Amino acid sequence: MEMYSPEASSPEANHRVDESSPTPLVVEKRNNVLRRHDSLDMESNNFNSHHQEFVAFGKKNAGWSVILHLAFQSIGVVYGDIGTSPLYVYSSTFTNGIQDNDDILGVLSLIIYTITLITLIKYVFIVLRANDNGDGGTFALYSLICRHVKVSLTPNQEAEDGEVSNYQLELPSNRLKRASRLKSRLENSQFAKYSLLFVAMLGTSMVIGDGILTPSISVLSAVGGLQEATSSITEGKIVGISVAILIVLFCAQRFGTDKVGYTFAPIITLWFLMIGGIGLYNFIKFDPTVIKALYPKYIIDYFRRNKKDAWISLGGVVLAITGTEAMFADLGHFNVRSIQISMCSLTYPALMLAYTGQASFLRKNNDLVSNTFYKSIPHGIYWPMFVVAVMAAIIASQAMISGAFSIIQQSLALGCFPRVQVIHTSTKYEGQVYIPEVNYILMVACVAVTAGFKTTTNIGNAYGIAVVFVMTITSAFLVLVMIMIWKTHILLVLLYISIICSVELVYLTSVLYKFKQGGYLPLAFTTFLMTVMFIWNSVHRRKYYYELDHKVSPGEVKEIVDRENVCRVQGLAIFYSELVNGIPPIFKHYVDNVPALHSVLIFLSMKSLPISKVPMEERFLFRRVQPNELNIFRCVARYGYTDAQNEQDSFERNLVERLKEYISANSLSSSAGREIEEVDRAWRAGVVHLVGENAVIARKGANIGKKFLINGAYSFIRKNLRQVENFFDIPQERLLKVGMTYEL
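Quick note, in the working numbering, the sequence shown goes up one by one and the last residue is 959.
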């Protein structure tokens, strides 16, 4: 339902208000043709501030009680992955043993500065600020850029967005000039537009792929710990138990992040307290001098001694920051301040103590590096720690599953993902969602990877590639945000690039070294997901512009209704449409084939707003198609994320009541009574729901590639998706499908 053309240039040049019209129309220029956006398009995005519960519950102006609740929940949802990294970082880094005792100081220094630079400074204090209305992740960054710079290839911008930006006046400055130059270059380059969309899809696909790898490696490594307890546990039993746990974990997702977060948070909190306490104990007992690792000279010495082996070992060090992207991807489930609080007060200190304590232990026990974590646990608490470690490792998979749901919801809004059902699982917190189809696919993929690879070795090689790729993409988008949106001083931008970006690129070269040892797995997932997203997005854009270019004008509506062979029959017809600012071309097609119209006709568009509930008095927005005697109306039905959409009888009743109120308020008193009586008569005669069933095919003369894209790949995806009537729960006995073929 996004009605704004991405090809428009600056708002100042391409928009004006047609004041001669009773309701202002925003005029937009696309392909050298002026197009109008009526007020219904803009008004459908606005809502009464008194009902913006999402602001009060976990968003911008949340109270401290809500923030602290969210901070506690985030511990169980966001930090499971990064929190369990101490289980295997040192053993993954020193794969050939410790050759020099000072190498421990070099690796500890690498871990400290990597977590501090990437996780704390980059993500917690910089990236989280680059959210798109509270949502995080790669697509949120892409959406944020598209709202400020017209580089979107998808119709995701509303007409009102450009109007609002006109009021953000800034005085000329070097930063503004720099932002304008870059903005102009991006807007005038088709290559740049496609590149940005490609990179956004790449990052999104990598995070979704991470949602497959994280549960697999976390659960498999957790259950694999049973071999330390008893030798009777075989590899086959470990795989079987892991698969069973994965199935239970994914089945639990339907209860929502709210309940899952409160279930997991106490366990992960206990985990952080225990690893932090053990780390402090080991630090004092074995070698407090490891505090020297704060001096970065030990990193330089480490590389001088080990050269290529030190570079390869970075693939193990980077595992210390796996799950960092989850903080940003899961932002929609929480908010910036809550994640900052939980990271700075618990997660970061606990991780620093854990890694420092393990380094102290290794300084006195070089030969125990292959099982550092369990060997460094004091004997008396070994079994309690083992139980908590297994539970925490299982919980670690939750972060990326939740993150995958969030970014898929964002990509749906941009028309970059096939139609799936999004279920909001919390009545308080707007961003907490569950997607049944995606959950099922992730579960099947996780089970397949676990059963296929059987060990964590190859999965671990794949793990690092996905993590560092997404971080690098996030940095690239963040640089654009800094320059064009935040208008950051150029020296600060260069400082970010020279420190953060260069560190990530070094890590990227290291993890790619293990491509053949399982690193190909996330790239295979990514290729598949990007193919699906590209197919859907490409045809989605073509279909959108076809409907926009062929929509029926008000003048044509009157001509169609006035045809001699068209008769009006008693009854109320609701015609579902995706267009908010016009009447779809399928209306003309319907009348051409069925020359009969109900006495009252409503073109209805459903729209979701980012609030929990929309009051009934604000749910329906109407516009009349002139002249009045046609009894044809356009309507937008707006829903909050907890509003039920499947109560068809009450929906029809409320729709009719609000329509009569609209007629009463917008008609002359002498005619309002007659028109309201006509609506009542039509309702009593019966309601019919008309749904467009649009087949999309490549037009005649199209090349083979286009025919394969539209006729083959897109048609296959669409046939296996949720249909419109299932979305709205339309009663089958009153449903009439209207078929039409779009030749693109």
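Cβ coordinates follow ideal geometry from the N, Cα and C atoms, glycine included. On a predicted model such as this, the values are computed, not experimentally measured, just so you know.
Item, Value
"Decide if M489 is buried, meaning its Cβ has at least 16 other Cβ atoms within 10 Å, or exposed.", "buried"
"If you reduce the DSSP assignment to three classes, tell me which class D347 lands in.", "strand"
"Considering only their Cβ atoms, is the gap separating D318 from R520 smaller than 8 Å?", "yes"
"Straight-line CA distance for L738 to E762?", "36 Å"
"Can you name the start and end residues of the alpha helix (DSSP H) that F931 belongs to?", "930–934"
"Under the assumption that S621 contacts G291 (Cβ atoms under 8 Å), give the Cβ distance between them as a whole number of angstroms.", "Incorrect: roughly 16 Å between the Cβ atoms, too far for contact."
"Measuring straight from C-alpha to C-alpha, what distance separates P800 and V776?", "14 Å"
"R849: buried (16+ other C-beta within 10 angstroms of its C-beta) or exposed?", "buried"
"Whole-angstrom Cβ separation of I705 and I536, contact assumed at under 8 Å?", "About 28 Å; that fails the 8 Å criterion."
"Per DSSP, K952 forms a beta bridge with which residues?", "V906"
"If you follow the beta strand (DSSP E) that Y854 is in, where does it begin and where does it stop?", "847–854"
"Would you mind working out which of N926, L710, P599 sits nearest I482, comparing C-alpha positions?", "P599"
"With a threshold of 16 other CB atoms inside 10 Å of the CB of R344, please say whether the residue is buried or exposed.", "exposed"
"Output needed for Y357: all residues of its chain with C-beta closer than 6 Å, excluding positions within five of it in sequence on either side, in chain order.", "A415"
"Look at V366 and K392 and say whether their C-beta atoms are less than 8 Å apart.", "no"
"Can you tell me whether DSSP reads R778 as helix, strand or coil?", "coil"
"Could you tell me the distance, in whole angstroms, from the CA atom of N676 to the CA atom of A607?", "21 Å"
"Mind checking which residues open and close the alpha helix (DSSP H) that includes F837?", "Not the alpha helix (DSSP H): F837 falls in the beta strand (DSSP E), residues 835–840."
"Could you pull out every residue in the same chain whose Cβ sits closer than 6 Å to the Cβ of M697, ignoring the five residues on either side in sequence?", "T703, V708"
"Might you give, ordered along the chain, the residues of its own chain that have their beta carbon closer than 8 Å to the beta carbon of S814, omitting 5 neighbours on each side?", "R783, V784, Q785, G786, L787, N846, E893, R896, A897, A900"
"When burial is assigned at 16 or more other CB atoms within 10 Å of the CB, is E375 buried or exposed?", "In this prediction, E375 scores a pLDDT of 37, lower than 50, which makes its location untrustworthy; the coordinate-derived value is nonetheless stated afterwards. The residue is buried, with at least 16 neighbouring Cβ atoms inside 10 Å."
"Return the bridge partner residues of S591 from the DSSP annotation.", "According to DSSP, which records beta bridges pairwise, S591 is partnered with nothing at all."
"Ignoring anything shorter than 4 residues or poking outside the segment 562–608, list the alpha helix (DSSP H) runs there in chain order.", "563–579, 587–590"
"Return the residue from the list L816, V434, F740 that minimises the CA-CA distance to G295.", "V434"
"For the pair the segment 907–918 and the segment 722–733, tell me if three or more CB-CB distances fall below 8 Å.", "no"
"Do the CB positions of S436 and Y303 come within less than 8 Å of each other?", "yes"
"I need the DSSP call for F340, collapsed to helix, strand or coil.", "coil"
"Using alpha carbons as the reference points, say which of A619, G630, N926, G927 lies closest to F543.", "A619"
"If you compare alpha carbons, which of A811, A913, E771 is closest to N780?", "A811"
"Return the CA-CA distance between P511 and R634, expressed in angstroms with no decimal places.", "50 Å"
"Helix, strand or coil for R552? Go by DSSP, reduced to three states.", "helix"
"Express the C-alpha separation of A928 and R914 in angstroms, rounding to a whole number.", "16 Å"
"Taking 8 Å as the threshold, find out whether the segment 564–584 comes into contact with the segment 497–505 through three or more Cβ pairs.", "yes"
"So what does A811 bridge to, in DSSP terms?", "C782"
"Does the separation of the CB atoms of I688 and L401 fall below 8 Å?", "no"
"Tell me whether D764 is buried or exposed, calling it buried when 16 or more other Cβ atoms sit within 10 Å of its Cβ.", "exposed"
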